[in-house]
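Colleague: Going left to right, the sequence shown walks through residues 25 to 81 as our numbering numbers them.
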Amino acid sequence: MKFKVKLTYPTVVRIGKKEYTLFPGKEIELPEDNERVKNLMGMGYIEPVPEKKKGGK
């Protein structure tokens, strides 16, 4: 799932065995069912990006 980074500075987080660099204002693909991701959302550091509908008006 894609998330938008709400931080004001770049941050590196480890989720499982993989490291992700979160850049302010950018979108990043993260595993939505992970506790670390849920914590980051709860703290307001990231927010889900709504999925765009394909082919619709």
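Note that beta-carbon positions come from the ideal geometry of N, C-alpha and C, so glycine has one too.
#1: Measure the alpha-carbon distance for Thr32 versus Val61 and round it to whole angstroms.
#2: Could you name the residues that DSSP lists as bridge partners for Thr35?
#3: Between Glu71, Lys50 and Gly40, which has its C-alpha nearest Pro34's C-alpha?
#4: What is the residue span of the beta strand (DSSP E) that Glu71 lies within?
#5: If contacts are defined as beta-carbon pairs under 8 Å, then Pro48 and Val36 qualify, I think. What distance do you get, rounded to the angstrom?
Modeller: In short, the structure shows the following:
#1: Residue mapping note: residue 32 aligns to position 8 of the sequence shown, counting from 1. Residue mapping note: residue 61 aligns to position 37 of the sequence shown, counting from 1. C-alpha separation (whole angstroms): 18 Å.
#2: One-based indexing of the sequence shown puts residue 35 at position 11. Answer is Leu46.
#3: By one-based count along the sequence shown, residue 34 stands at place 10. Selected option, being the one with the closest Cα: Lys50.
#4: Translated into the one-based positions of the sequence shown, residue 71 becomes position 47. Start and end: Ile70 to Pro72.
#5: Translated into positions along the sequence shown, residue 48 becomes position 24. Translated into positions along the sequence shown, residue 36 becomes position 12. About 13 Å separates the two Cβ atoms, so there is no contact after all.
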